[in-house]
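Input: a single structure, listed below in structure tokens.
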Amino acid sequence: MGNSMTALCALAKDAKARTIETLFDDSKRAVNFSVDAAGIFLDYAKQNLVQSERDDLCHWAKTQGLDQYIEKMFSGERINQTENRAVLHPLLRAPEKEKKAVLGTQAAEVIATEQKMSQLVNDISHGQYCTVNGQKFTDVLAIGIGGSYYGIKLGISALKPYHTTGLNVHVLANVDGDAVAEKLALLSAETTLVVVISKTFTTQETMLNAVAVKQWMLTHVAQPNIIARHWFAVSTNITAVTQFGITKDNILPMWDWVGGRFSLWSAVGFPLALAIGEQGFAQLKRGAYLMDQHFRQAPFDQNMPIVMALTGLWNRNALGYSSLAILPYNHALRALPGYLQQTDMESNGKSVSLQGEKLGWHTAPIVFGQEGTNSQHAFMQLMHQSEEIIPTDFIVCAQGHHDYSKHQQVLVANCLAQSEALMRGKTFAQAKAELMANGKSEQQAEALALHKVMKGNTPSNTLVLKQLTPKTLGALLALYEHKIFVQGVLWQLNSFDQWGVELGKELGAQILRAMNDNLSDDLSSSTLSLIKRIKQLSDK
Ligand code: F6P
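Residue numbers are given in our numbering: position 91 of the sequence shown equals residue 975, and the series is strictly consecutive.
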């Protein structure tokens, strides 16, 4: 693999010496560098890649055993080797028949959980399952963090026009008292249903928040059985959930073959389903399933997740670009960059191979982004004029859910303009000519022109959706899940563990002890002095 990665990088010799714009001499480029699947259209003609290089990349991926890896995932092999687990989140959106074929007897538990969740969503939204005082629930508070939070947060904001149940769903993640206070100020304890989502049911932030919210509810409603009625949990740790006071009947199980950041399709999606209804949630899964089918069946060069993975790898390893900007030109998708930061960077931000050897190549890009056009008035200056080339994924919908047709046109025009501008750039000569055409003298134009040069040659993908619906959102998320999986396979790492979060947790516990006991623990003088300073400042 080491050598083959070197060979792959050597392929980019020509790419480094050319500009993307020149590739459009090929009149069929836009057609040949696009894929249409599961309600999503991908244009990747603005990548710095020609057909022969794409063929080489696809061939290389085959020699790395990608076909077999894809089937290993879908068939339930334990490809998460460091945790000895299968990776079967796609199965959660597959028809029952496929579940039974892969899971055998365990399929019954999975199907029963789905049915229980659908029933609960119906009962709660229609008021059949009601509050301890016999009222209809008005609000849902989902408490969780990381993979037990981002997907719900994204789904809630992305699918606002599909909130059909009348329930207001809120999310609480951060271990910040202000965040707790802010949420609770919006809620009435009497009519709020709480869902604690934690695979392990030990995560510090989630547990502290759950205890605080439980205390709040018990203080506001003098009914000792309110917790048993109003609280649900989604977890694998049934013992810890029941010890917390949530009844067994109100637990929706998870399985160790569903990783947190890929878990929206499981009962983790319960709060989202409580907003978009059982049918909306089924559509979300349906869209993801369509993308799964495409991923499993399409040839590599027409396979959207594989093409995106390979162009991403080309940009990261062969061309040496270290970042990836996610720019949805869609207000509803404003939480997508944060969601993908976790999915991509927590999955592939690693430097050791599956065999435990140090990798000789870079892995996950630094993912960042913001909704357009806001991003244009923030960090995109750097994308146009710094020396950094930042590959970008633009995401745009042909239709919004509103009647502001002029807004829609301007939004789309800005999206397309940015991908064009990032690719074309502006030369010194062009900038100078423009300035002179606008009445500047040659001397004045020369003085200013350098400031107006834009480097161009920035590769981008543009993903087009007809409209953001539960189904197309499902397909979009599955697309990125599979892209990240393919990249992990080709980088030869385990995309499904996250040991990197552990050291911070350990030191967090140590620092908490030092803060409470005034111990001068084994910490740097910087941290010890910061503890001292913060303690002084926190004295009221
Ligand atoms: O960020 C680390 C992590 O373990 C994620 O993988 C996970 O989604 C999150 O913390 C929350 O974990 P849990 O669902 O167990 O509370």
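A virtual CB, placed ideally from N, CA and C, is assigned to each residue, including glycine. Since we're looking at a predicted model, the values are computed, not measured.
Discussion item. Taking 7 Å as the cut-off, is the beta-carbon of Gly1030 closer than that to any non-hydrogen atom of the ligand F6P?
Written reply: yes
Worksheet item: Are at least three pairs of beta-carbons, each pair with one atom in the region 1171 to 1183 and one in the region 1207 to 1217, less than 8 Å apart?
Response: no
Worksheet item: Considering only the beta carbon of each residue, do Gln1351 and Cys1299 sit closer than 8 Å?
Response: no
Item to complete: Would you mind listing the beta strand (DSSP E) stretches within the region 1133 to 1190 that are 3+ residues and don't spill past its ends, in chain order?
Response: 1135 to 1137
Discussion item. Below 8 Å on the Cβ atoms is my contact criterion, and I expect Ala922 with His1178 to pass it. Report the Cβ-Cβ distance as a whole number of Å.
Written reply: 5 Å
Practice prompt. Starting from Leu926, follow its DSSP beta bridges and name the residues at the other end.
Written response: Val919, Leu1347
Worksheet item: Should Ser1379 be counted as a contact of the ligand F6P given a C-beta to heavy atom distance under 7 Å?
Response: no
Worksheet item: Looking only at C-alpha atoms, which of Asp1062, Pro1137, Ser1410, His1104 sits nearest to Val1080?
Response: Pro1137
Worksheet entry | Lys1067 - DSSP class collapsed to helix/strand/coil | helix
Practice prompt. Measure the alpha-carbon distance for Asp1439 versus Gln1186 and round it to whole angstroms.
Written response: Outside the shown range of the chain (885 to 1424) lies residue 1439, about which nothing can therefore be said.
Worksheet item: Does the beta carbon of Gly1144 fall short of 7 Å from some heavy atom of the ligand F6P?
Response: yes
Practice prompt. Count the other C-beta atoms from every protein chain shown that fall within 10 angstroms of the C-beta of Glu1326, then say buried if there are 16 or more, exposed otherwise.
Written response: exposed
Practice prompt. Could you check if Asn1109 is buried or exposed, using at least 16 other CB atoms within 10 Å of its CB as the buried criterion?
Written response: exposed
Discussion item. Am I right that Thr1103 and Thr1022 are in contact with their C-beta atoms under 8 Å? What's the rounded C-beta distance?
Written reply: About 19 Å separates the two Cβ atoms, so there is no contact after all.
Worksheet item: Tell me the DSSP bridge mates of Lys1242?
Response: Val1236
Item to complete: Could you pull the start and end residues of the alpha helix (DSSP H) that His1291 belongs to?
Response: 1289 to 1308
Worksheet entry | Residues that DSSP places opposite Met1428 in a beta bridge | With the chain covering 885 to 1424 only, the question about residue 1428 has no answer from this structure.
Discussion item. Taking the alpha carbon of Pro1275 as the reference point, which residue from Asn1378, Ala1305, Leu892 has its own alpha carbon closest?
Written reply: Ala1305
Discussion item. Can you determine whether any heavy atom of the ligand F6P sits closer than 7 Å to the C-beta of Val1251, and answer yes or no?
Written reply: no
Worksheet item: Is the beta carbon of Met1001 sitting closer than 8 Å to the one on Ala1106?
Response: no
Discussion item. Let's see if you can read the secondary structure: which residues bound the alpha helix (DSSP H) around Ile1274?
Written reply: No alpha helix (DSSP H) contains Ile1274, which DSSP labels as neither H nor E.
Item to complete: Spatial neighbours of Asn1199 within its chain, please: CB distance less than 7 Å, with the 5 preceding and 5 following residues excluded, ordered by chain position.
Response: Tyr1205, Pro1275, Pro1343
Worksheet item: Terminal residues of the continuous beta strand (DSSP E) containing Ala1117?
Response: 1115 to 1119
Discussion item. Taking 7 Å as the cut-off, is the beta-carbon of Glu1230 closer than that to any non-hydrogen atom of the ligand F6P?
Written reply: yes
Discussion item. Can you confirm whether the region 1304 to 1322 touches the region 1243 to 1260 when touching is taken to mean that 3 or more C-beta pairs between the two stretches lie within less than 8 Å?
Written reply: no
Worksheet item: Alpha carbon to alpha carbon, what distance is there between Gly1050 and His1285?
Response: 18 Å
Discussion item. My output table needs one value for Thr1022: the three-state DSSP class, helix, strand or coil.
Written reply: coil
Worksheet entry | Residue from Phe908, Thr966, Arg962 whose Cα sits closest to the Cα of Leu972 | Arg962
Practice prompt. Look at Leu1148 and Gly1035 and say whether their C-beta atoms are less than 8 Å apart.
Written response: yes
Worksheet entry | Beta-carbon gap between Gly1253 and Met1307 smaller than 8 Å | no
Discussion item. Going by the DSSP bridge assignment, what does Ser1207 pair with across the sheet?
Written reply: Ile1250
Worksheet item: Which residues in the same chain as Gln1088 place their Cβ atom closer than 8 Å to its Cβ, once the five residues preceding and following it in sequence are excluded?
Response: Val1059, Lys1389, Gly1392
Discussion item. Can you tell me which residues form a DSSP beta bridge with Thr1076?
Written reply: Asp1023
Item to complete: Just the C-alpha distance for Ala1329 and Met1192, rounded to the nearest angstrom, thanks.
Response: 41 Å
Worksheet item: Just reading off the alpha helix (DSSP H) that Asn1400 is part of, what are its end residues?
Response: 1386 to 1401
Discussion item. Going by DSSP, what residue range makes up the beta strand (DSSP E) through His1054?
Written reply: 1052 to 1056
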